[in-house]
Each structure stands twice: as C-alpha cells, then as structure tokens.
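Note sheet for the following structure.
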Amino acid sequence: MNKYSLEIPLYLNQKIVFDLLASINDGFTQVTKLKTASATEGSFGGTVEADLGNKNIFALLGVKLKGKVDAEHNKEHSKEQEQEKIHTPSSLFNNLKAQLFKEKMVKRINGKIDDIYPGEFVEISGILKINPLITMMENMTRVLELATVMQNDGTGKRAKQKNLEDKKTIMQMEAFTNSLKANGMVDMICEMEGAGSCKAVLPVYMDYFFNGNSSEIVDGKFKVLGKVAKVCNQNEKIDLLRNTSLSIFKESLLEEMLSGFNADSNQEMNIGELETIVQGPALLIIPIAIYL
C-alpha cells in the first residue's frame, strides 16, 4: 500500500469492507472492539452482524487474520499462522483498496462507460448531490418552521387557526420527505468527471456517513469506490423513487406534481431542476466508500 496516498473516507460501508477483506485474507479468526486505547476489550463476535449491518463502528478494532505461510519461505511444510493488528475503519478500507488495485480488479472511469459491466469494481470522481427532491422538501420544511416561529402566535381565533394549519403543513411535508427515504437510504447523484453527461446514482445509508452527517460531501468533489449494479445506455433511465412508496405513481403524474416547482415563476427559488429519474447514459453503483 502506498502510504503517501492515503484516503480519508467520509462514507464507509464497513460490513462490505469486512466481508471483502475476510474473503481476500482467508477469513478472520477473531475481531474485537477496543473500548479504549489501553487494554480493555469488548467481545465483538456475537454482535458483529448487527453492529456492522445497521450502524458503523468508528472505533479501534483488534483483528486476527488467518492465513498460510508462503511456500517459498517454508518449502517443507505449509502451516497456518495468526497475525493480530489494531485497525481503524479507515485503515481497513485503505488496506482493502490497496489490495483491489494491486490485483487490478478496479476500473477507473474517466471517459465513456462502454466497457463497464455490472459486477465490476469501479472508482469514479465528481460532484455529489443528494436526490434534489429530498433536498428541496427538507429545505422548504425548515423555511416554514422558521417562518412559523418568527410569526406572532396571537391570541385571536384566526391566529390560532393559522398556527394549527402551518403545523399541519409541516407534518405533512415531513411525512412526504420520510416517504422518500427507504429504511434510512437515499440516492446521491454523481456528475462524473471526464465522462461527458454520464451520471452515477449511489444508494447510500445515512448511518454510514461519518457522524451520520452527509452535508460534508454535498457539492464537493470526491472519489467513490463501489460495485456496478446496472449500466444504462442513453435510451434507459434510473428511477430515483424506485425504493420509495411513490414508485407506484406513473411518471406522467409525478411530472405534473413537480411542474409547479419547475415553472419559470419559481426561478427566484434556488431549488434547481427537480427530477425523479436520471436519464442514461448512467450507472447504478453500490458504494463501498466515498473519500478524499
């Protein structure tokens, strides 16, 4: 591993990292979570599935790797050996990334996607954005909440009625926004650098962001390591609502619903163009990490 080109992951699916490293290194014999930097250790075996499957563990990890001695070093016998190292999630990811590139298993996409196929590991770079529909609804909800707080509640019947209506509207907007998030998962869109109009859709879990905060990577230029799930040509598209309750509605109805936000009269609102699909050429990538 090149120690002078280390990556800093701001999004990391640790479960995938562990699974891939275990496959490469012929398994782990033991994994422990170090509660402190000194000596106290907590058993990690029984809870590894739940911990890494639901929320990331940003802590020091004691990892024992199981493998065989190279035949060149021991021509008479090949014996198993255990090696224990202390890792952090970032060091495990850098280890995995180095091994994948060493074995030439990762394709860097800097142009067209004609030679990209589902199931391949890829590294892309570009500008990242959250699903614009989710961003718009969250921002409008915050604006309405702020406006409600700044208004005088008043004591009259009309003022109280107005306050109740505003609160009801906020609840409805929050419910609509939550319907766009499937089990804590949202889509990010990457405008890939050097790939023309090609975009990548990245389904990400909010719990896998460092500190659970995705705002650090919005509108920034980052790299993404992941595995391709779908390749769309220019006549195909990726539905941004495919995993939500709104997927039952026809595309024409959704366009009609969003037409008011995309109208010229609303250009003074900085919400961008609202779309529910990403037109090809495009990639659907399951991200392992988003990093600098």
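Its first residue numbered 1291, the sequence shown is counted upward by one per residue in this note's numbering.
Note that the Cβ used here is the ideal one computed from N, Cα and C, for glycine as well.
In this text, all values refer to a predicted model and were calculated from it rather than measured experimentally.
For residue i and residue j, what's the separation of their Cα atoms in angstroms?
i     : j     : result
G1332 : N1384 : A caution first: G1332 carries a pLDDT of 47, below 50, which makes its placement in the model unreliable, though a value can still be read off. C-alpha separation (whole angstroms): 24 Å.
L1342 : T1459 : Because the pLDDT at L1342 is just 49, under 50, the model does not fix this residue reliably, and the point stays unresolved.
L1515 : P1422 : 22 Å
I1406 : A1449 : 60 Å
I1376 : M1440 : 52 Å
S1313 : A1579 : 18 Å
L1573 : L1436 : 38 Å
T1425 : E1481 : 17 Å
K1513 : E1464 : 31 Å
L1390 : K1457 : 51 Å
Y1495 : T1438 : 31 Å
P1577 : K1447 : 53 Å
V1518 : N1429 : 31 Å
G1336 : S1504 : Only weak support exists for where G1336 lies, its pLDDT of 43 falling under 50; the value from the coordinates is given anyway. About 30 Å.
S1469 : D1404 : 35 Å
L1296 : I1528 : 33 Å
Have a look at the options and flag the residue whose alpha-carbon is nearest the alpha-carbon of residue i.
i     : options                       : result
T1467 : R1432, Q1451 and A1490        : R1432
I1507 : I1314, M1478 and N1400        : M1478
K1520 : I1376, G1409, P1422 and L1311 : G1409
L1483 : A1472, Q1451, K1517 and G1510 : Looking at the sequence provided, one finds Glu at residue 1483 rather than Leu. When only C-alpha atoms are compared, the closest one is G1510.
G1474 : I1578, Q1451, N1525 and N1533 : N1533
E1308 : D1529, L1382, K1489 and F1411 : Note that residue 1308 is Phe in the sequence shown, not Glu. When each option's Cα is compared against that of F1308, the closest is L1382.
Q1589 : L1530, G1486 and Y1581        : Residue 1589 is absent from the structure shown; the chain starts at 1291 and stops at 1582.
L1434 : K1452, L1418 and K1419        : K1452
K1402 : I1420, C1522, P1379 and I1306 : C1522
L1302 : I1575, D1529, Y1498 and P1571 : Y1498
N1400 : E1393, K1392 and S1415        : S1415
Looking at the unbroken alpha helix (DSSP H) that takes in residue i, where does it start and where does it end?
i     : result
I1456 : For clarity, residue 1456 is Asp in the given sequence; the question names Ile instead. It spans K1447 to S1469 - the alpha helix (DSSP H) in which D1456 sits, taken as one unbroken run.
A1437 : P1422 to M1440
K1392 : P1379 to K1392
A1312 : Q1304 to I1314
Identify the continuous beta strand (DSSP E) that holds residue i and give its terminal residues.
i     : result
I1585 : Only positions 1291 to 1582 of the chain appear in the structure, and residue 1585 is not among them; the question remains open.
Q1569 : I1567 to Q1569
R1398 : V1396 to R1398
I1575 : A1572 to Y1581
G1516 : K1511 to C1522
A1472 : Where A1472 is concerned, there is no enclosing beta strand (DSSP E), given that its DSSP letter is neither H nor E.
V1494 : K1489 to Y1495
I1507 : Where I1507 is concerned, there is no enclosing beta strand (DSSP E), given that its DSSP letter is neither H nor E.
I1528 : K1527 to D1529
Go ahead and label residue i buried or exposed: buried means 16 or more other beta carbons lie within 10 angstroms of its beta carbon, across all protein chains shown.
i     : result
E1413 : buried
V1568 : buried
M1395 : exposed
L1454 : exposed
D1554 : With a pLDDT of only 49 at D1554, under 50, the local geometry of the prediction cannot be trusted, and the value read off the model is given with reservation. So D1554 ends up on the exposed side.
I1298 : exposed
M1461 : exposed
K1489 : buried
K1387 : buried
T1566 : buried
L1418 : buried
G1317 : exposed
G1570 : buried
L1492 : buried
L1311 : buried
Is there at least one non-hydrogen atom of the ligand FAD closer than 8 Å to the beta-carbon of residue i?
i     : result
V1494 : By its list of ligands, the structure shown contains no ligand whatsoever, and the ligand FAD lies outside what it can speak to.
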